[in-house]
Amino acid sequence: MWGAWALLACAVWGVMGCLQPSVHALPQGQITGLVPQPQHVILVEDAPDGRGFRSDGSLYVAWPASWALPAMSEWLEASGLAWQRVDEGAAEWTWQRTDQDLGPEGYVLDVSQDKVTVTCADEEAAFRAWTTLRQLMPPVCEQGCPTGFTLPAVRVEDHAHLAHRGLLLDCCRHFMEPEFVKTVIDVLALQKMNVLHWHLTEDQGWRLPIEAYPQLTEVGGYRTEADGTVTGGAYTREEILDILDHAAARHVEVIPEIEMPGHCRAALAAYPWLGCTGDSLPVPSNWGVFKDVYCAGNDSTMAFMKAVLDEVCELFPSDIIHIGGDEVPKVRWAECPKCQAKMKRLGLQDEAQLQTAFINEMGAHVAKHGKRIMGWDEILEGGLPEGAVVQSWRGMQGAIEATHLGTDAVVSPTSHCYLDYPLRSTDLAEVYSFQPVPEEAQNQPGQIVGGECNMWTERAPQDQVMAKVLPRATGLAEVLWSGPDVTEAEGAYDGFLTRLDALGLRWGFMDVQPGLEGVPVSLRVAPGRPGEVDVTVEAALRNVGGRVRFEPADGQASERAEEVNVGQSIQVKGRGTIFVDVAVRGRRTGVVEAFPVAGHAAAHQPLDLSYVPSPSYTGGGLQALADGRRGSADFRDGAWQAVQGEDMTCTVDLGKPTSISALETQLYLYQDAWIFMPEAVQWAVSSDGRRFVDLPAQAPWGDALSPDGRQTVVPVRLQDLDVEARYVRMTLFNAGPCPSWHDAATEPSWVFVDELVVESTP
Ligand code: ACM
Ligand code: ZN
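Counting in the working numbering, the sequence shown runs from 6 upward without gaps.
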C-alpha cells in the first residue's frame, strides 16, 4: 500500500525524485522529529540502517545569491559546526530555486548519504524546508553539535494547507519582555507558524510608542494594582524594530492590533478627551468589558486614531493592521450628544451602524497606506466594513458569514483556540480536532485563509505564558499546516503525540518549557466509612503519576493521612484539600493540582432538589452538593452548582437520626460574572422529612462584600449545634436582579453553591 502511495506521489510531483532507487512512504509518526507532519515523507529504503547524510563537524552549504537565510546562518553559527557558504559545485547542502509550482510555501527536501538538496521557489519556502531539516537533526544540536550529526535518508515533499497560521499574544494585560516575544517567535517558526498577532493596546495597558501622543505609553503603559503596586511597561521603537527583524528572518509576519473603538481605557487615562464624557479615568487593574470607549462623534478622536494608525502603518511592514472591534458597549454613544449628532448627520439607524462607520473610516485610512484592516467578528454587526478581514472568535459563524460576503476570514473560535482557557475546557486533543474550514465556508466568494490561537493574558503573566501556549499551539500548527488529510487520518493523534515527544526534547535543549497536554488527573470520591469518603486520584493523561496527600482545613479534627501515589485511595474525614504533585514519566512537573474535599455525614446520602441546576454548572449532577468534592477558587471547576434567578432548596436524607454539631456550605461571589450572594441562607431540620424546624437564618455578608467585584469563596457555617435529625434542608434565597449600579442591571443574578456539609457527633 505504501509503495502505491509513493508512486502516486511521484505522479503528483513530476519527474523530481522519481529517480530515487527505492522508496516507500512512511506511516505517520515514523520520522519522529517532524511537527507539523509534512504532506509526504518518503523513506529511502536502501540506505544502510536508514542512515543518510553524515557530517563530521564540517559543512559546506550553497544557496542562491539573492537569498539571505539569516535565521539558518545564525543557527548554524550557534551550533559550533565548521560551516561555510560555498559554490553549488562544492556544496554538501544545496538550496536551489525552481519555477515549478510546489504549492504554497512548498518545497522538496532530499537527504541522501552524500548530500542534502532542497528545491523550492523562494526564500520563504526555503525557510520552511530549513525548519524541516533542522527537525531531522538530533535535538541536542539545539545546544550545539560541533562534532557532527547524522540525518535519516528521507525525501520530504511538503507545502502549507492554509496560509495564515498564527498566535495572538496579549502583551497588554501583562507586559512581555522583548526577549520573550522573540522566543515566542522562535517557537512559532519552529512549528511552521507564520503570524504573530501582537495585541499592543488594551484597557489595562498601552504598549506601543506613538511619537505624536507620548502619554499613551507614559501614562497608559502603567496601572496601579489593588495592592498598590504599579505594573506595566512599553516597548521602545528600537525594541519593536528588533522584534520585527527577528520575525522577518523567520518568515513570521507581525500583525499589530490597535484596539478600537472599545478596550481603550489606557488611552482614555492618557487623554481623557478621547472619550464621550471627558472624565478622567485610571488605567484599570481589573478585567472585563468597560463602558468607556472612544467617542465616535468627536472629530478630534477620529484625527487621533488616524494619527496613531499612520505611525503603525509606517512602523509595521505587515499588509494587515488589526483594529480590534470586539466587545464595544454602546451606552456612552447612546448618551453622547456628539455621537448622536454624527448618527443623525450620517443617517445611521443605531449605534451598531455608528461602529461600522467608525471602522469604515479607519479602514479607508489604512487603505491609503496600501494596507487592509482585520477585525473581530463584531465588525460584521452593522454591515461588513469594506475590505476588512474578519477574525471569527465567537464560534465560526462570523467566518462563515464573511466568506459568504466575499471577504477573507481567520478562525480562532473560543471552542478550540483560546489558550487562556484552562486545560479542562480546551486540551490538546480538543485543539487537534479543530476543523478550521467548515463545509458552509467552502466554495464561497470569500475564503478562510487560516487560524490563530489566542493567548490572552489576564491570568497569565509572562512566566506562565509558554506553558499555556505549548503544546496546544503545536496542535493548531499541525491542523493549519498539514490539513485534514493528515490530522483526520486514522491514528493521527497518536502519531502526533509521538512526534510531539521528539519536539519536546528539542524544546528542552532550547530552554522552552511546555505545559501539560490536558488535565493530568481526575478525582474519584466514593462512599467511605460513616462520616468519611474514599478519595482516589486517577491519571487522566499518558505517562502521568505523582504523589497525593490530604491536608485538613484549619480546626478540622481529621488526622493527617500519609501520602499515597496517584491511583491509590485515601480515607478523608472532615474538610480539607487533596494536593497532587503531578509527575510525567516519573519526573515532577511542578504542577500541583488541588481538590477541596469533605468527608461528612451527608456525603453520598440522597438529595432532593427544588430546582434544575444550570446545564453549564451542574457541579457533576443532582448529587453534586453531597458528593464529597467541594467547589474551589475557580467557579468553572465543575464542582460548583448554580442556578440563575431562582431560590434553591436542597434536602438531604441522612438515613437515620443523627446528632448534628455543625452545618456548612460555601457560596461563590463574583459580581462581574453576575454571581451574587443569596439574600439569606436558611437551614432547617426534620425527623420525618415532612415537618421542618428552622434554624437561625444567615446573611452575614451584608452589602460590603467584595465591593471591587473580585472573586471570593464565602463560607457559611452554623456551628455549636446540638440537634438530632434525619433530614437537613438548605434554602438559598436569590437576591433578585443585578442591582442598578451593575453593568447587567435588571438581569437575573446567579447563585453558586457547594457543598451541603453536615458534621455529626458519634
Ligand atoms: C475576544 O476574545 N474578545 C476577541
Ligand atoms: Zn461620543
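Just so it is clear, CB atoms sit at the ideal spot from N, CA and C, and this is done for glycine as well. On a predicted model such as this, the values are computed, not experimentally measured, just so you know.
Residue i classed as buried or exposed, judged by whether at least 16 other C-beta atoms fall within 10 angstroms
i      : result
Gln354 : exposed
Leu31  : For Leu31, the predicted model reports a pLDDT of 42, less than 50, meaning its position is unreliable; a value from the coordinates is still stated below. Per the 10 Å Cβ criterion, buried.
Gln196 : buried
Asn448 : exposed
Leu246 : exposed
Ala497 : buried
Glu483 : buried
Asp119 : exposed
Asp208 : buried
Pro418 : buried
Val758 : buried
Pro26  : Residue placement at Pro26 cannot be trusted, given a pLDDT of 29 that sits under 50; what the coordinates show is reported in the next sentence. Exposed, since its Cβ has fewer than 16 Cβ neighbours within 10 Å.
Asn570 : exposed
Thr663 : buried
Val336 : exposed
Lys376 : buried
Gln33  : Because Gln33 sits at a pLDDT of 45, beneath the cut-off of 50, its placement in the model cannot be relied upon, and the following sentence gives the value as read from the coordinates. It is buried - the Cβ of Gln33 has at least 16 other Cβ atoms within 10 Å.
Val28  : Reliability fails at Val28, whose pLDDT of 38 lies under 50, so the model's placement of it is uncertain and no value is given.
Glu760 : buried
Ala70  : exposed
Lys347 : buried
Trp746 : exposed
Arg3   : Past the boundaries of the shown model lies residue 3; the chain is included only from 6 to 767, so the question cannot be answered.
Ser323 : buried
Ser754 : buried
Ala638 : exposed
Asp92  : exposed
Thr766 : exposed
His250 : Note on identity: in this sequence residue 250 is Asp, with His being the wrong assignment. Answer is exposed; the Cβ neighbour count stays below 16.
CB-CB length for residue i against residue j, believed under 8 Å
i      : j      : result
Ala158 : Val116 : 6 Å
Asp586 : Arg592 : That pair is no contact at about 11 Å.
Arg715 : Glu147 : The Cβ separation is near 42 Å, so there is no contact.
Glu162 : Ala130 : Not really, about 12 Å apart at Cβ, beyond 8 Å.
Arg212 : Cys269 : At roughly 13 Å, the Cβ-Cβ gap does not stay under 8 Å, so Arg212 and Cys269 are not in contact.
Leu221 : Ala272 : 6 Å
Pro143 : Gly62  : The pair is not a contact, with the Cβ atoms about 13 Å apart (cut-off 8 Å).
Asn739 : Asp652 : 5 Å
Leu726 : Ile665 : 5 Å
Ala231 : Ser290 : 6 Å
Met471 : Val517 : 6 Å
Gln671 : Val733 : About 16 Å separates the two Cβ atoms, so there is no contact after all.
Leu64  : Leu86  : 5 Å
Arg399 : Val436 : Incorrect: roughly 18 Å between the Cβ atoms, too far for contact.
Gly38  : Ala494 : Going by Cβ atoms, the distance from Gly38 to Ala494 rounds to 19 Å, so no, they are not a contact pair.
Val40  : Arg504 : 5 Å
Ala667 : Ala685 : Incorrect: roughly 18 Å between the Cβ atoms, too far for contact.
Per DSSP, cross-strand counterpart(s) of residue i
i      : result
Phe738 : Ala685
Glu556 : Thr582
Met265 : Gly329
Cys655 : Leu614 and Met735
Pro601 : Thr582
Tyr65  : Gln89
Pro720 : Gln671
Leu174 : Trp203 and Met460
Pro157 : Arg56
Gln101 : Thr124
Glu570 : Reading off the sequence shown, one finds Asn at residue 570, where the question assumed Glu. Asn570 is bridged to Arg552.
Phe3   : Examination of residue 3 is not possible in this model, given that the chain is present from 6 through 767 alone.
Name all residues in chain order for which at least one heavy atom of the ligand ACM lies closer than 5 Å to the residue's CB. Spelled out in chain order, the answer is Asp331, Trp381 and Trp398.
Counting Cβ pairs, one atom from each stretch, are 3 or more of them under 8 Å apart for the region 544 to 563 and the region 572 to 585? Output reads yes: the region 572 to 585 touches the region 544 to 563.
Is it the case that the region 536 to 543 contacts the region 601 to 608, given that we only count it when at least three CB pairs across the two stretches are under 8 Å? Verdict: yes, contact present.
Check whether the region 315 to 328 touches the region 277 to 295, taking contact to mean three or more Cβ pairs, one atom from each stretch, closer than 8 Å. In short, these stretches do not touch, since the Cβ pair count stays below three.
Any heavy atom of the ligand ZN nearer than 7 Å to the CB - residues listed: For the ligand ZN, the selected residues are Cys281, Cys300, Ala301, Gly302, Asn303, Arg337, Trp338, Cys341, Lys343 and Cys344.
Give a yes or no on contact between the region 286 to 297 and the region 248 to 261, applying the rule of three or more CB pairs nearer than 8 Å. Contact between the region 286 to 297 and the region 248 to 261 is absent, with fewer than three C-beta pairs closer than 8 Å.
Would you check if there are 3 or more beta carbon pairs closer than 8 Å linking the region 124 to 143 to the region 90 to 108? Yes, since at least three Cβ pairs between the region 124 to 143 and the region 90 to 108 fall closer than 8 Å, the two stretches touch.
For the region 322 to 334 against the region 360 to 374, are there 3 or more C-beta pairs whose distance is under 8 Å? Contact holds: three or more Cβ-Cβ distances are below 8 Å.
Inter-stretch contact at 8 Å, needing at least 3 Cβ pairs: the region 389 to 396 / the region 337 to 344: Output reads no: the region 337 to 344 does not touch the region 389 to 396.
Quick check: the region 423 to 433 against the region 519 to 532, are at least 3 beta-carbon pairs closer than 8 Å? Yes, they touch.
Counting beta carbon pairs with one atom in the region 436 to 446 and one in the region 471 to 487, are three or more of them shorter than 8 Å? Verdict: yes, contact present.
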